[in-house]
Every structure is written in structure tokens, then in C-alpha cells.
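A quick write-up on the structure given underneath.
2 protein chains.
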Amino acid sequence: MRHVVIVGGGFAGMNAAKGLGDAPDIRVTLVDRNNHHLFQPLLYQVAMAGLSPADIAAPIRSMLSRYPNIQVLQGDVTGLDFAAKKLTTDFGELTYDYLILACGARHSYFGHEEWEEHAPGLKSLEQATEIRRRVLLAYEEAERSPNAEDRKRFLTFVVVGGGPTGVELAGAIGEMSRFTLAKDFRNIDPTQARVILLEAGPRILPMFSEPLAKRAVRDLETLGVQVWVNSAVTNIDREGVDVKSERIRTATVLWAAGVEASRLGKASGLPTDRVGRVVVEPDLSVQGFPYVFVAGDQSAFTHQTGKPLPGTAPVAMQQGRYLAKLIRSEATGGGREPFQFTDKGQMATIGRSRAIVEVGRWKLAGFKAWVMWLVVHIYYLTGFRSRLLVVLQWAWSYLWFRRGARLIVPKTWRFYEPTPKDSP
Amino acid sequence: MRHVVIVGGGFAGMNAAKGLGDAPDIRVTLVDRNNHHLFQPLLYQVAMAGLSPADIAAPIRSMLSRYPNIQVLQGDVTGLDFAAKKLTTDFGELTYDYLILACGARHSYFGHEEWEEHAPGLKSLEQATEIRRRVLLAYEEAERSPNAEDRKRFLTFVVVGGGPTGVELAGAIGEMSRFTLAKDFRNIDPTQARVILLEAGPRILPMFSEPLAKRAVRDLETLGVQVWVNSAVTNIDREGVDVKSERIRTATVLWAAGVEASRLGKASGLPTDRVGRVVVEPDLSVQGFPYVFVAGDQSAFTHQTGKPLPGTAPVAMQQGRYLAKLIRSEATGGGREPFQFTDKGQMATIGRSRAIVEVGRWKLAGFKAWVMWLVVHIYYLTGFRSRLLVVLQWAWSYLWFRRGARLIVPKTWRFYEPTPKDSP
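Sequences listed follow chains P and D, in order. Going by the working numbering, the residue at position 187 of the first sequence is 180; the numbering climbs one at a time, nothing skipped. Going by the working numbering, the residue at position 354 of the second sequence is 347; the numbering climbs one at a time, nothing skipped.
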């Protein structure tokens, strides 16, 4: 009985596990710090109050419960010993025959960790909820503020990073202030909110072709988003953001600028690249350890194009499935084929009814692209609560410009009642 | 233009505000610490992962946005000055012509505030999420624990308080372990979980007639819940609960035992009863201050039966509507009629398909009662996200014994990735 240990229940880990479900003579243990798998491509919808956490997350345990050969354990990995083929966790030791590391990535603040508290990133449900809290609270603060300068500051939103996530966030804030919130306030006019998207490079969405990126800029501007390129952030604090010599006074900064792979790779002495991704062989194994694989955002696979594959869901899913097939094949005496990524194109959405799609040389923008984006995302929501319900809910919000999940849940758990003593 | 200030966006406050919507020559300011109104009767469903927070909560602001004469401000009230007809908040001062206090109630630990951290109550979304986190984490801990004693402790759940909330929580945990989670674990058998409902008095559900309460006990036992009556809790700590000389080893204690009204009443020098409720006149005003009213769980109205009316949604809703009518009537020169509560009966649910309903001398139990409970609760969910969607979602979960919202979201916001350094 070969024992496969998978660390991480993201797209790579889940696809590897599912691929090994019911495999003869193989047992699988999946370890994750969280109890849920997350459909990250829609995480910005949770941050922007369009969907609830439960719409895009499902318990890993129940997603895999049909496979008796898979065990799921919630916990933290605290150490790896490749020579002894074992790992330590906060609940004890595990030994393995095959190890798959798929721990994902986190945001990188380029050495400015102090920016994090003022500019949260978007990688987990907690962060999405925190971003939602900050954005909605800013409108509340503006509504009750007697000072025009403060109101302006609260109604200024800055998104750092012009990749797909930054574009989605900025578009969603623009749309929310123009449509969803327009009639809800008495002292402020939410449609006057400023949304600024900052990009350090010469243009946004560098992974798309130039005409499509330009189209995205135009679509963002229609939603009231100002796109500033060549605008590297030099400082972020409580009161605002500095872009070179210019100061933007704002209470809400969101970070979508750079990623760094899970630190587990580097901390275990594996060879990593500049952003902490583990450099892998053509079969995703680590040099010198043929039974240790790294997949998804945590791995740097350069054998196909010379550059590392991007940290996207399709790459992670294909790598997970590939590893399951490889391990099954070795169990029956087969050999290893190198991993081959099939690029099915890329898409990004801007607000309620616009998107850009690029598949090879084929390009699409506007409403048709958005419908395609929608169909693809709904298709991949398989296994979640109920695809049909999410679709209905979503259709509802989109058609009526409502955001049902517009709840501010306090960061800390406390009694809700106002008492004079407790107040500041 | 008369200015009505309402503190609290619960059932009483919201019904008062809606009743004053579009009233000529009246403007309304509603202040609440939270941005959302909560449908509290279904809060236990959020705690038990059957529904998402957004299914039972909606932004106060958007629920009232159709009325141009109503302003909503999120904030804390820090002081009341009845003589000067003004109140101070954390965002400034407000003056009023009429003041409606509807700040609700919180749990009371009978002087043992130190129990709170080990035994959270269920009054807010944060608390519901926290309870969900604790219950689901207990199963995770049991699954990964190598020690049989520990596993038993993690699989023991204690609910303190045999009122409707306690019964609903205990029933839901029983059902969850018997059905929803049954196949998801490998090292433990969730159906072996012990659920103990502790009641200090001689029987549970004292507000119901004895035969119905007995029926509820039987229904709970079918779901594997042990009902202990005459069992006052003498101590709660990290490791368990003491009931007189008996020790129950458990990792999860939920508190549904007693309530105490918002401290704002007492702190402002108003006359209060033993549990902090403000004693009100027949028109819900406070003695000596005819323009200050207290409604809902925060008020003690004794003029109808000699005892205070119970802290339920129907009482709060009727009081809110009554106050709106009273203020509208005075604005056109009319007088005040005393408040009169119309009792439409009471209901409690036990698990997925059982309930008890009592309307005067008419009693109903079992599946028919549950259908009635469902119809009433769905009817009153008006104004929330989309009644239809909630119903569909709920039907889905109930029919398939799934709990879609089974997510554990960490209490504190942090990066999700496992790093050896961060771990304890």
C-alpha cells in the first residue's frame, strides 16, 4: 500500500487527490490548514459582496468523502524530512512514499511587510471578508463624517496592481458605487467615489495582447476607474498612498501587486526562484528527490517555454491531474512522461457585463466575452454547494445591481450591543 | 419637522422606521453599531452551517433606502441626555424630538463573565460564526487526535439552557453528526458524538405546555441528544463543564441560558428590572420622559399580564409598528392609545423535520408543525436577499442533509499558507 501525502487543498492538491481516489493499493492523506477548498477565481466576488463565502468554498472533507482511500486532516505542516520521507505537523508525524507539495502563494509586499496592515491582499476567505469590511465601512464613515476633506478621503479607493485581480477589484468597486450604493446614502453621493488603479509597469494586464488591455482600460474608465500606469507605489500608510512625489489621500488601499510562493519550500532547503517557487524537473519532482513533487502556484516549471508557467487555476489543475496519473502509472510498473501544459487561453472580467478573452490569436471583448467568462466559471464551480443556486443568485444580483452579501462583520468577536462603558 | 432618533436596527427599530417612512413632517435617523439587520430566529442555522450570514442579514441602509426621510448612520451611542433631548455617539451629537431605544439584549452569564470565552452565546453573526467554527473544529480535532480520551472529549457537545435556542442548537448538532458528517471522517464515527442539553429548571421549554415539551424531549432523544433537567451549571472551563459534583469533559460548550438587556438603559439612569430591561409605561415611554420610548428585548412591558412580555420577534415587531403609529398620530394632533400585544402563539424546531407549535390552547407537533414553522419563517424573511433563493437553498440542504456553509473561517485574519516559522 503506497502512501501519498498531499499538502494543500487548492486546485493542484484537490485534483491530485481526486485523481488518486479509488486507486488500487494507494492511500492518500491530504493536509490543509483550512477545512475548505476555495474557488479562488471568484474570490474577488466575495470581497465585493456579490457572493457569500459558502458560494465559492466547500469542505475538502466532503468533496473527497466518496473515496474511502483518502483521509483529510486539518493542520499545519511544521517540518519536512525528505531523507527520512516524513513530515511533521502540529498534530504529529506522517510518513510518505510520495509527497505532493501544493501550498500555493501569498501576496508579496516587495520587502515592505509594514504595508500589509494598510493594504490587504486577496488570497483567502478571511482576506476577502476583511476587504469587504474595509470598503463598505469607508462609505459608512463618509456618510457620518462632518468634514468634506475626510469625506473625500473615505470615498477614494486605491487598488495596487494592474493584473486580472486588480482589474476585477477596481471594476467591482467602481460599479458598486455607481449602481448598487447610489441611492442608499443621504449625506454623500457614492457615484462621486474615486477609484484609482495603480500599475508600476507601462500598461495593465501585461499577459494579454495590447489591444485587449486597451479595451479593458476603456471599460474601467466607463465605470469611473482611473488607470495610472508607470505608477510605482513608494509608501502606504494609514492616511494614504505615495506614488513617487504624489500623495493620494485614501482610507482604503487594496493590494493585488505581487505574489510570493509558500515559504515552506525555501524553509525546507529546496531550490527556489526569486519569488520562492520551488524549481521542478520536467515531471514536477524536485532534483534529487524523485518522490517529492511540487505543483500549482508553489512550483516553477520552466521546461515548456523557458519561463515559469503562470500561477493560474488551469496550470494547477492540470499539474494535479498529471501527478495522480504518474503515481497510478508507477504503481502498475509504468514510467514517467514529462508534464505538458495545454494553454486554453485566459480571461479577465471588468464589472457586471464586460470581459476580455484571449485564446491564442483569437480575441474577444465586451458582453460576449463576459458571457463566455460566466459559462467557463460556472462550469468549473462543480462540486460546490449547488451550481444552480449560485447561478440564480448571481443572475439575481447582476440583473438588479444588488449585492446581497453586503454585510460588515466585525474583525473581532464581541457582543453587539452598544454600551457607554465599552465605547472609546 | 420632527426628528425621530431610533437606536438599534433589530425588529423593533426596523419596524418603527418603516412605519415612519414617508411620514409627512417627520425625519428619522436610525443608529446601529452594525450595518445589518439580522433575522435572529434563524441565527442558529448560521451557527449550524445550514445557512450563510447573507441569507439572514441585510444592510439596514438598503432595507430603508426607499424612504427619503430616513437616514441610517453606523456608530455607537456613547451617552444619553434626556433633559436636553440629545445623544452623543462616536461620530458626534444628535438631537431628537422623539427617541426610540431598541438596543436588544445580550447573554447573561449570571455573574460568571469568565465562562463566556469557553461558552459563547448566540446573538450576533460573529457569535454564530464563532460557534460554527468551534463545533466543526471539534470534529477536525477528534479526527486527528491519537488519544481515545481526547477524541471522546472533542466529540462531546454541551448546550446550556433548555429554551427554544438551546433546543434548536442541540437538535442541529445531533442531526449534523448523525447525517451530514456521518461519512466524512476516517478515524472517528461522528454518529457516536454525545450531545448534552443542560437545563437548570425542572423541564425544558417552560413557555410551552408540558405535553409539547415532553414531545420535544422525545424528538431530541431520537437525534441522540441527552436532556438533563435540574442540572444547573456550577463551573465552565477549558476542559469541561461541572454540573454540581458531576464533571462533563468537553471541548465545546454553547451558552443559551439567560439574557440581560442592553446596558445602555441602566447606564443612562433609567428604571430597570433585574435583567436590565427598562420599565416602561403603557405607551412604551419612560416615566417622566414622554418622548423617550423603549421597545423590543430592551423593554419590560408589564401592563398586559403582570409579567414582562417575552423577548421575542413578534413582541418587538408589534412594538415598533405601534410606536410609528403613535408618533404619526401625534404629528397630526392625535392622542396615545396604550400598547396591546396580540399573541399569535409560539413555535420551536427540533432538527430537520420536527417542530412544536402552540397557539393558545391549540397544539401541534412533528412534521406538520415543522412545515408550519417553515412557512411562518419564510414569510417573515421578507426584504432579505431573495426569499426564493433562501428557500431553494434550504430545501436543498434539508433534502440532501447537506450543510453547504460548513466553512471554518479563522477568528483572526492572517495569511493562509503553512510556514514552519509561524507554527507554534
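The C-beta atom is built at its ideal place from N, Cα and C for all residues, glycine as well. Small disclaimer: the values here were computed from a predicted structure and weren't measured.
Quick one: what's got a C-beta closer than 6 Å to residue i's C-beta in the same chain, skipping five residues either side?
i      : result
F147/D : A131, E134, A135 and A244
D90/D  : R(-5) and H(-4)
F178/D : E136
L92/P  : V(-2) and V285
L73/D  : L80 and S261
P264/D : V272
Within a Cβ cutoff of 8 Å, which residues of the same chain sit near residue i, ignoring the five residues on either side of it in sequence?
i      : result
K337/D : P307 and V352
N223/P : E192, A193, G194 and P195
K356/P : S202, P204, L205, I349 and V350
R329/P : D276, L319, S322 and E323
P411/P : Low confidence applies to P411/P: its pLDDT is 27, below 50, so where it sits in the model is not reliable, and the reading given next is rough at best. Excluding positions up to five away in sequence, the list is empty.
P46/D  : V39, L118, A121 and T122
I452/D : The displayed coordinates of chain D run from -6 to 417. Any statement about residue 452/D would go beyond what the structure contains.
L198/D : G155, G156, P157, V160, L205, A206, A209, A341 and I349
T305/D : Q339
G258/P : L94, C96, T265, G269, R270, V271, V287 and Q291
K78/D  : T88, Y89, D90, L92 and Y284
Between the options, which has its C-alpha nearest residue i's C-alpha?
i      : options                           : result
H105/P : R127/P, T227/P and N140/P         : T227/P
V70/D  : H30/D, P17/D, I(-1)/D and F201/D  : I(-1)/D
S101/D : W248/D, K78/D and G85/D           : W248/D
R125/D : L36/D, D235/D, A225/D and A10/D   : L36/D
T173/P : A358/P, G344/P, K207/P and I371/P : G344/P
W108/P : G167/P, I19/P, G3/P and G251/P    : G251/P
K116/P : A98/P, F103/P and L129/P          : A98/P
Y315/P : T335/P, W221/P, M169/P and T298/P : T335/P
V24/D  : S55/D, K78/D and L94/D            : L94/D
A175/P : G359/D, S58/D, H296/D and V236/D  : S58/D
N28/D  : W221/D, M7/D, H296/D and L66/D    : L66/D
S55/D  : R211/D, G114/D, A10/D and R354/D  : A10/D
Using a C-beta to C-beta distance shorter than 7 Å, which residues of chain P count as neighbours of residue i?
i      : result
P17/D  : By Cβ distance, chain P contributes nothing, its closest Cβ being about 18 Å from P17/D, past 7 Å.
F84/D  : R137
Q64/D  : R179
E133/D : N28 and Q67
G58/D  : Just to set this straight, residue 58/D is Ser in the shown sequence, not Gly. Those within 7 Å of S58/D in chain P are K176 and D177.
L129/D : N28
Take residue i and list the residues in its own chain whose beta-carbon comes closer than 7 Å to its own, dropping the five residues that flank it on each side.
i      : result
K318/D : G12
R256/P : G269
Y60/P  : G14 and D15
V246/P : H111, A112, V151, V153, I229 and V234
F75/P  : F282 and V285
I241/P : T149, V151, I189, G233 and V234
E168/D : L216, G344 and R345
S138/P : R144 and F147
Which whole-angstrom value is the C-beta distance of residue i and residue j, which I expect to be below 8 Å?
i      : j      : result
V152/D : L162/D : 5 Å
H30/P  : I53/P  : 5 Å
A288/P : A5/P   : 4 Å
T22/P  : L87/P  : 6 Å
P303/D : D266/D : Not a contact, Cβ separation roughly 13 Å.
V272/P : A293/P : 5 Å
A254/P : Q291/P : 5 Å
I181/D : R144/D : 6 Å
P331/P : H296/P : 7 Å
Mind listing the chain D neighbours of residue i? Cutoff is C-beta to C-beta under 9 Å, in chain order.
i      : result
K145/P : Residues of chain D passing the Cβ test: none, with the nearest at roughly 17 Å.
A306/P : Within chain D, no residue comes near A306/P; the closest Cβ sits about 16 Å away, beyond 9 Å.
Show which residues of chain D have a CB atom less than 7 Å away from the CB atom of residue i.
i      : result
G68/P  : R137
A309/P : Going along chain D, no residue has its Cβ under 7 Å from A309/P, so there is no contact; the nearest lies around 14 Å.
L92/P  : Correct list: empty, because the minimum Cβ distance to chain D is about 14 Å.
L263/P : Under the 7 Å cutoff, chain D gives no residues; its nearest Cβ is about 12 Å from L263/P.
L115/P : Simply none; closest approach about 11 Å.
Using a C-beta to C-beta distance shorter than 8 Å, which residues of chain P count as neighbours of residue i?
i      : result
R54/D  : D177 and F178
S292/D : Within 8 Å Cβ-Cβ: nothing; S292/D doesn't reach chain P, min ~14 Å.
What residues from chain P crowd round residue i, counting only those whose CB sits closer than 9 Å?
i      : result
N140/D : Those do not exist, as N140/D stays about 11 Å from chain P at its closest Cβ, beyond 9 Å.
Against chain A, does residue i count as a neighbour if the rule is that its beta carbon must be under 8 Å from one of theirs?
i      : result
P199/D : No chain A appears in the structure shown, which is made up of the protein chains P and D.
| query | Taking the runs of the beta strand (DSSP E) that are 3 residues or longer, which of them lie wholly in the segment 133 to 200 of chain D? | reply | DSSP runs (the beta strand (DSSP E)) wholly in the segment 133 to 200 of chain D: 149 to 153 and 187 to 191.
| query | What residue ranges within the segment 2 to 49 of chain D form continuous beta strand (DSSP E) runs of no fewer than 3 residues, ordered along the chain? | reply | Taken in chain order, the complete beta strand (DSSP E) segments of 3 or more residues contained in the segment 2 to 49 of chain D are 19 to 25 and 29 to 31.
| field | Runs of alpha helix (DSSP H) wholly within the segment 236 to 310 of chain P (minimum 4 residues, chain order) | value | If we require 4 residues or more, the alpha helix (DSSP H) runs fully inside the segment 236 to 310 of chain P come out as 257 to 260.
| field | Continuous beta strand (DSSP E) assignments of at least 3 residues falling wholly in the segment 203 to 232 of chain D | value | Secondary structure within the segment 203 to 232 of chain D: the beta strand (DSSP E) runs of 3 or more consecutive residues, fully enclosed, are 218 to 221 and 226 to 230 (chain order).
| said: Just to confirm the assignment: which complete beta strand (DSSP E) runs, minimum length 3, are found wholly within the segment 305 to 352 of chain P? | reply: Listed in chain order, they are 339 to 343 and 347 to 352.
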